[in-house]
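Undergrad:
Chains as they are written, first to last, in my numbering: chain A, 461 to 907; chain B, 463 to 648.
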């Protein structure tokens, strides 16, 4: 309840209602509802239901209109009263406009032509199917007071809280370090004083008897020395081999990308198909990184993440998602206020992660389209990755293993019928593996 | 004392070696001469081109091989109306591949328009993108020409899909959308 109270206070046009509210605040808990009702009746001529209006608005109008932002079309908050005040246009004009704006423009209506030209002749869709009641509902929805302030407050305070958390944990660590240092010094001091006591009292510290020290005994036993030397050689050979064979293998490589782009949010939570963005995986060697116009297919409309998403990003990953979207806008040269491209662009320098050496050839369409292998088989649980990393080693052994184990997908592939029949007769098997098809021949991958 | 000191030194060396292995840097390469390409790779940086980007658009007016003719209709309201009334699919009934068209539709359009074309895809259900119309919307009365024009250039809040689908695939999808529309109108 506090929140809605605040939002009303922020809005200077609501003084009247605010007074009523003050009077009743302590008594009636359902006040918000009452206010809502008074509002919609006082501002729109016909009774409209803002809740229904929201649904209709979201399905029909929201692709071009936002209540508080210019999009393809103008911001629509309080249109009815705005048009009434500024242009002297009534509800019947709105009815005509919404049902058939093109008709109204053709009929020579002055204001209709003015906005049409203002928006560079973008045509608004006609909605002949909307009933009078539907339009009243929409207008009631647009007449609702804005309540964004509260949201913004919450986000910023959340951000402040998390950075405070960072500072305090650093403080704790520092304090701990100092504590340990003090402890160590204290121990040394205690030891020194004890020693001094012992000297003064003339007590000799207990001496070990001077029999052969263990290492001398060890050196004299030549067999033992030989065994240990061999052991050490083998062990170090093992480690050296391990070290050498991981040279050039980038498993786990996880660079910081210029835009914090999260596969978890896109491919996981929102279920966007990999090939929507990595489109060329269907047809070419490369999967490709999507060009920015593909991002803008969605981000023209998604200029901000939902509040829960933003909160999660701040708390769990320390990333301001909305700022990342602004980076995208900057790179692609999108002017949010004007809803146009400025033409000033800069390439995003994504850092390439998976990269085979130049002497090995790998083709995505062969594996994705022809063999029907899922992306996740090779790239791991991408839909859970907040930051992309290399899941597989991408060594030759890895390729070969899979070719030995995976059957060729011959179903519905006329190209394979003949060779498949001949080869399966030759090997005496029902199902051919990629290796039996020739997937182990050096020349398939190295040329 | 001495042995403690030694152990500490060994531990510190070990720790510094381990902490040096950062995942944000690529690993060392042994004699990278044959690892690094001599020719240009896709998306490489290069001084030879404006902006340092190796990936460049083809020259204005160039036509790719394989019979893809340029699309003559303009990206304007008039162009849209022209396409809506006159543009026809070049595919005949034998060339229509419903299975592939369905897969393409689910990848590129289903996320917003829904698998059934009712305007209720995942992003709409999660309220990320609003105002996606159903294909049977009476005020829009879409036709094959208008769908093709929309895929090619986009329309208002919807972007262009011309670079993700080639000409033949676009017509396959158009055909699939018309089928969905017919199903919705039933």
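Virtual Cβ for every residue (Gly too), placed ideally from N, Cα, C.
Using a Cβ cut-off of 7 Å, which residues of the stretch 707-741 of chain A contact any Cβ in chain B, in chain order?
TA: 707, 708, 709, 710, 712, 713, 714, 715, 716, 730, 731, 732, 733, 735, 736 and 739
Undergrad: Taking 8 Å as the threshold (beta carbon to beta carbon), is residue 880 (chain A) in contact with chain B?
TA: What you label residue 880 (chain A) is simply residue 420 of the first chain in a count that begins at 1. Cβ-Cβ to chain B under 8 Å: no for residue 880 (chain A).
Undergrad: With a cut-off of 8 Å, does the C-beta of residue 605 (chain B) fall near any C-beta of chain A?
TA: Numbered from its first residue, the second chain carries residue 605 (chain B) at position 143. No, because no Cβ of chain A sits closer than 8 Å to the Cβ of residue 605 (chain B).
Undergrad: Between the stretch 805-819 of chain A and chain B, which residues of the former have a C-beta closer than 7 Å to a C-beta of the latter?
TA: 807, 817, 818 and 819
Undergrad: Using only the alpha-carbon positions, how far apart do residue 755 (chain A) and residue 792 (chain A) sit?
TA: Start at 1 with the first residue of the first chain, and residue 755 (chain A) comes out as number 295. Start at 1 with the first residue of the first chain, and residue 792 (chain A) comes out as number 332. So the two alpha carbons sit approximately 9 Å from each other.
Undergrad: Within 8 Å of any Cβ in chain B, is that where the Cβ of residue 616 (chain A) sits?
TA: Residue 616 (chain A) sits at position 156 when you count from the first residue of the first chain. With a pLDDT of only 38 at residue 616 (chain A), under the threshold of 50, the placement of this residue in the model should not be trusted; the figure read from the coordinates follows. Residue 616 (chain A) does not count as touching chain B.
Undergrad: Distance, Cα to Cα, residue 559 (chain A) vs residue 573 (chain B)?
TA: Within the first chain, the letter at position 99 stands for residue 559 (chain A). Within the second chain, the letter at position 111 stands for residue 573 (chain B). Their Cα atoms are separated by approximately 29 Å.
Undergrad: For the candidate residues A:779, A:671, A:662 and A:678, whose alpha-carbon lies nearest to that of residue 717 (chain A)?
TA: The residue labelled residue 717 (chain A) in the question sits at position 257 within the first chain. The candidate whose alpha carbon is nearest that of residue 717 (chain A) is A:779.
Undergrad: Does the stretch 625-636 of chain B come close enough to the stretch 548-559 of chain B that 3 or more CB-CB pairs lie under 8 Å?
TA: yes
Undergrad: Since residue 891 (chain A) sits in a beta bridge, which residues does DSSP pair it with?
TA: Translated into positions along the first chain, residue 891 (chain A) becomes position 431. DSSP lists no partner for residue 891 (chain A).
Undergrad: Provide the residue span of the alpha helix (DSSP H) that contains residue 769 (chain A), from first to last.
TA: Residue mapping note: residue 769 (chain A) aligns to position 309 of the first chain, counting from 1. Membership of residue 769 (chain A) in the alpha helix (DSSP H) is indicated by the continuous run 767-772.
Undergrad: How far does the alpha helix (DSSP H) with residue 748 (chain A) in it reach, from first residue to last?
TA: What you label residue 748 (chain A) is simply residue 288 of the first chain in a count that begins at 1. Bounds of any alpha helix (DSSP H) do not take in residue 748 (chain A), whose DSSP letter is neither H nor E.
Undergrad: For residue 730 (chain A), which three-state DSSP category applies?
TA: Looking up residue 730 (chain A) in the first chain gives position 270. Residue 730 (chain A): coil per DSSP, three-state reduction.
Undergrad: Applying a beta-carbon distance threshold of less than 8 Å, which residues of chain B neighbour residue 587 (chain A)?
TA: Within the first chain, numbered from 1, the residue matching residue 587 (chain A) stands at position 127. What residue 587 (chain A) touches in chain B: 601.
Undergrad: What are the residues in the stretch 764-786 of chain A lying within 7 Å of chain B by C-beta distance?
TA: Listed by position, the residues of the stretch 764-786 of chain A near chain B (Cβ gap below 7 Å) amount to none.
Undergrad: Strictly below 7 Å CB to CB, what residues from chain A border residue 528 (chain B)?
TA: The sequence position of residue 528 (chain B) within the second chain is 66, counting from 1. Here the premise fails: no neighbours, minimum Cβ distance about 12 Å.
Undergrad: If you draw a straight line from the alpha carbon of residue 617 (chain A) to that of residue 519 (chain A), how long is it in whole angstroms?
TA: Here residue 617 (chain A) refers to the residue found at position 157 when the first chain is read from its first residue. Here residue 519 (chain A) refers to the residue found at position 59 when the first chain is read from its first residue. Unreliable placement is indicated for residue 617 (chain A), whose pLDDT of 37 sits below 50; no coordinate value is reported for it.
Undergrad: For residue 701 (chain A), which of helix, strand or coil comes out of DSSP?
TA: Numbered from its first residue, the first chain carries residue 701 (chain A) at position 241. Note: residue 701 (chain A) maps to helix in three-state DSSP.
Undergrad: Apart from the five residues on each side of it in sequence, which residues of its chain come closer than 6 Å, Cβ to Cβ, to residue 823 (chain A)?
TA: Here residue 823 (chain A) corresponds to residue number 363 of the first chain, with the count starting at 1. Once the five neighbours on either side are set aside, the close Cβ partners of residue 823 (chain A) are 745.
Undergrad: With a Cβ-Cβ cutoff of 8 Å, do residue 585 (chain B) and residue 730 (chain A) count as a contact?
TA: On the second chain, position 123 is the one that residue 585 (chain B) refers to. On the first chain, position 270 is the one that residue 730 (chain A) refers to. Yes, these two residues count as a Cβ contact at 8 Å.
Undergrad: Since residue 590 (chain B) meets chain A, which of its residues come closer than 9 Å, beta carbon to beta carbon?
TA: Position 128 of the second chain, counted from the first residue, corresponds to residue 590 (chain B). Result: 730, 758, 761, 762, 765 and 766.
Undergrad: Under 8 Å between the Cβ atoms of residue 707 (chain A) and residue 570 (chain B)?
TA: Counting from one through the first chain, the residue named residue 707 (chain A) turns up at place 247. Counting from one through the second chain, the residue named residue 570 (chain B) turns up at place 108. Taking 8 Å as the Cβ cut-off, residue 707 (chain A) and residue 570 (chain B) do not qualify as a contacting pair.
Undergrad: Pull up the distance between the alpha-carbon of residue 606 (chain B) and that of residue 741 (chain A), whole angstroms please.
TA: If you number the second chain from 1, residue 606 (chain B) lands on position 144. If you number the first chain from 1, residue 741 (chain A) lands on position 281. Taking the straight line from one Cα to the other gives about 28 Å.
Undergrad: Any contact of the stretch 500-512 of chain B with the stretch 555-566 of chain B, i.e. 3+ C-beta pairs under 8 Å?
TA: no
Undergrad: Out of curiosity, what's the CA-to-CA distance linking residue 622 (chain B) and residue 614 (chain B)?
TA: Locating residue 622 (chain B) in the second chain gives position 160, counting from the first residue. Locating residue 614 (chain B) in the second chain gives position 152, counting from the first residue. Looking at the two C-alpha atoms, the distance is approximately 5 Å.
Undergrad: Just how far apart, CA to CA, sit residue 592 (chain A) and residue 753 (chain A)?
TA: Residue 592 (chain A) sits at position 132 when you count from the first residue of the first chain. Residue 753 (chain A) sits at position 293 when you count from the first residue of the first chain. Each residue's Cα considered, the two are about 39 Å apart.
Undergrad: Residue 872 (chain A) to residue 715 (chain A), Cα distance in whole Å?
TA: Residue numbering aside, residue 872 (chain A) sits at position 412 when the first chain is read from its first letter. Residue numbering aside, residue 715 (chain A) sits at position 255 when the first chain is read from its first letter. If I take the Cα positions, the gap works out to 40 Å.
Undergrad: Drop a sphere of 10 angstroms on the beta-carbon of residue 637 (chain B), count the other beta-carbons inside from all chains shown, and report buried for 16 or more, exposed for fewer.
TA: Here residue 637 (chain B) is taken as the residue at index 175 of the second chain, counted from 1. Counting of Cβ neighbours within 10 angstroms places residue 637 (chain B) among the buried residues, the total reaching 16 or more.
Undergrad: Find the residues of chain A that neighbour residue 498 (chain B), judging by a C-beta separation of less than 7 Å, and give them in chain order.
TA: As a position in the second chain, residue 498 (chain B) is number 36, starting the count at 1. Within chain A, the residues near residue 498 (chain B) are 818.
Undergrad: Which residues of the stretch 569-595 of chain A have a Cβ closer than 8 Å to any Cβ of chain B? Give them in chain order.
TA: Identification of residues in the stretch 569-595 of chain A having a C-beta nearer than 8 Å to some C-beta of chain B yields 581, 582, 583, 585, 586, 587, 588 and 589, given in sequence order.
Undergrad: Does the Cβ of residue 530 (chain B) have 16 or more other Cβ atoms within 10 Å, making it buried, or fewer, making it exposed?
TA: Start at 1 with the first residue of the second chain, and residue 530 (chain B) comes out as number 68. Residue 530 (chain B) is exposed by the Cβ-count criterion.
Undergrad: Which of helix, strand or coil does DSSP assign to residue 795 (chain A)?
TA: Along the first chain, one-based indexing puts residue 795 (chain A) at 335. The answer is strand: DSSP assigns residue 795 (chain A) an E or B state.
Undergrad: Whose Cβ in chain A lies nearer than 7 Å to the Cβ of residue 488 (chain B)?
TA: Here the question's residue 488 (chain B) lines up with position 26 in the second chain. Chain A residues near residue 488 (chain B): 710 and 713.
Undergrad: Report the neighbours of residue 849 (chain A) on chain B: residues whose CB is nearer than 9 Å to its CB, in chain order.
TA: As a first step, residue 849 (chain A) must be located in the first chain, where it is residue number 389. Below the 9 Å Cβ cutoff, chain B contributes 485 as neighbours of residue 849 (chain A), in chain order.
Undergrad: Taking the straight line between their C-alpha atoms, what separation do you get for residue 899 (chain A) and residue 703 (chain A)?
TA: Here residue 899 (chain A) refers to the residue found at position 439 of the first chain. Here residue 703 (chain A) refers to the residue found at position 243 of the first chain. Straight across, the Cα-Cα distance linking residue 899 (chain A) with residue 703 (chain A) is about 29 Å.
Undergrad: What first and last residue would you give for the alpha helix (DSSP H) that runs through residue 561 (chain B)?
TA: If you number the second chain from 1, residue 561 (chain B) lands on position 99. Residues 560-570.
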